[in-house]
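These notes are about the structure you will find just below.
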Amino acid sequence: MTHDRLVFGVTIDQIDELNSLLRTITANGDVVKICSADALHPQSVSTLGEAIFNAALAVREVFGQVEGQRLQNRDGGS
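If you want it as structure tokens, here you go:
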């Protein structure tokens, strides 16, 4: 049996940022998935890919911040 415990703290701003970034990733991914190749200008595909990539990097950065926000155990340790 596993015991869930809180390990990291996250701010409301970080949750909002993650939500916005995930919406960006999924919206751009939907465009790439739904549109046929001939419906998209070649430069549009690379622009959408870059937006997805940049949003994913930003998600990684927020998770890095959250990782640094470790909560202390009840015994005062980390």
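Numbering (this note's numbering), first residue to last: 12 to 89.
All C-beta atoms, glycine included, are put in the ideal place defined by N, C-alpha and C.
Item: Contact under 8 Å by Cβ, L59 with V70; Value: no
Item: Cβ distance (whole Å) where A62 is taken to contact N39 below 8 Å; Value: 5 Å
Item: At least three beta-carbon pairs within less than 8 Å, the stretch 72-82 to the stretch 45-52; Value: no
Item: Alpha helix (DSSP H) runs contained entirely in the stretch 46-72, provided each spans 4 or more residues; Value: none
Item: Whole-angstrom distance between T37 and A66, CA atom to CA atom; Value: 10 Å
Item: Cβ distance (whole Å) where R81 is taken to contact V18 below 8 Å; Value: 7 Å
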